[in-house]
Amino acid sequence: MLMQIKLFAIPVADSGIAQQEMNDFLKAHKILEIEQQLTSNDNGSCWCFCVRYLDQAVKVVS
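Pasting the structure below:
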């Protein structure tokens, strides 16, 4: 298993779609670490997440 990195940028005014995409990813992988930072520019503010995970998927039971 190798450590991988996935980046997410979720606008503060997100309708929930980007947040759901990140949540689905987190549920499906073995997460090692998450770093987060709130950033803003002329286009607005967003949460930026750096997710470190193992590339072997974890089976999720619903």
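The numbering of the sequence shown is the working numbering, which starts it at 390 and goes up by one.
Positions of the beta carbon are idealized from the N, C-alpha and C atoms, including for glycine.
For clarity, every value in this text was computed on a predicted model and none was experimentally measured.
Which residue from the options puts its Cα closest to that of residue i?
{"i": "I423", "options": "I406, D431, F414", "result": "F414"}
{"i": "N432", "options": "F438, P400, G405, Q393", "result": "P400"}
{"i": "F397", "options": "K416, A407, N430", "result": "A407"}
{"i": "C437", "options": "K419, D403, A417, L443", "result": "D403"}
{"i": "L443", "options": "K416, N430, S429", "result": "K416"}
Does DSSP classify residue i as helix, strand or coil?
{"i": "L415", "result": "helix"}
{"i": "A402", "result": "coil"}
Taking just the CA atoms, how far does residue j sit from residue i?
{"i": "L421", "j": "K395", "result": "12 angstroms"}
{"i": "G405", "j": "M390", "result": "31 angstroms"}
{"i": "S434", "j": "Q426", "result": "10 angstroms"}
What does DSSP give as the partner residue(s) for residue i in the beta ladder?
{"i": "N432", "result": "N432 is not bridged to any residue."}
{"i": "L427", "result": "W436"}
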